[in-house]
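**Student:** In our numbering, the protein residues as written are 118 to 340.
Where is the CB? At the ideal position from N, CA and C, for every residue including glycine.
My structure is below; once you've seen it, I'll send some questions.
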Ligand SMILES: Nc1ncnc2c1ncn2[C@@H]1O[C@H](COP(=O)(O)OP(=O)(O)O)[C@@H](O)[C@H]1O
Ligand SMILES: [Mg+2]
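Okay, structure coming up:
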């Protein structure tokens, strides 16, 4: 499903110094796995997820996703991957605040199917399945943070991705909601979606079948 080969990422900071965010990272993830990567703030977790999610070309190394060397393809190929094959979930939800739950979830499917009606039907079905049937027409600003993250998870799966990438998805949630959201990821994984989560919390990471550690841009036991 995923293979990173000796991926290195360097940035220039404001002082024009070179910062090495990832150092020679190699990782293999099989289809159907639930993997978490745990590391402290600044260890390179978001960078690793952006590179994996076809959002950031690494300074060095290759990324194979579903058999393709994704950065050897044109940008339009990666845009298609992000829309159709990869679901993203973020700590801060990244929902569109002035749209209601239904329209937020439907949006990626409107883009792929071109049918607002079909997209909205599917969004409604998903939101109901995730216990948000009573929130369909509520704007994001009217939802609790736990509800917002469930809406974001619904949006991430509406195009039936093969892979979900989640960056600190429970960072703004209380322990109860964290448990609920992590159980949702586990359920999606049981339904066949490969899930990769990055977090600084060991307890969150432990919901995954395989836990890897990232420290100072170096990944331990990438497999
Ligand atoms: N766009 C950027 N420009 C400069 N430095 C960056 C940039 N993105 C990340 N970094 C640096 O790379 C390192 C890893 O960052 P990040 O991947 O965000 O870590 P984490 O998500 O684990 O907190 C940090 O030192 C951070 O300051
Ligand atoms: Mg981060």
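1) Does ligand 1 have a heavy atom nearer than 6 Å to the CB of residue 138?
2) Assuming residue 290 contacts residue 156 under a Cβ cut-off of 8 Å, what Cβ separation, rounded to an integer in Å, is found between them?
3) Check whether the Cβ atoms of residue 280 and residue 316 lie closer than 7 Å to each other.
4) Under three-state DSSP, which class holds residue 285?
5) Can you tell me which of 234, 294, 121 and 159 puts its alpha carbon nearest to the alpha carbon of residue 184?
6) Just the Cα atoms here: how many angstroms apart are residue 249 and residue 268?
7) Taking buried to mean at least 16 other C-beta atoms within 10 Å of its own C-beta, is residue 160 buried or exposed?
8) Can you name the residues that DSSP bridges to residue 137?
9) Is residue 324 helix, strand or coil when you go by DSSP?
10) Using 8 Å as the threshold, is the segment 239–257 in touch with the segment 123–137, meaning 3 or more CB pairs across them?
**Tutor:** On the basis of the supplied data:
1) yes
2) So it is not a contact: roughly 19 Å between Cβ atoms.
3) no
4) coil
5) 121
6) 8 Å
7) buried
8) 127
9) coil
10) no
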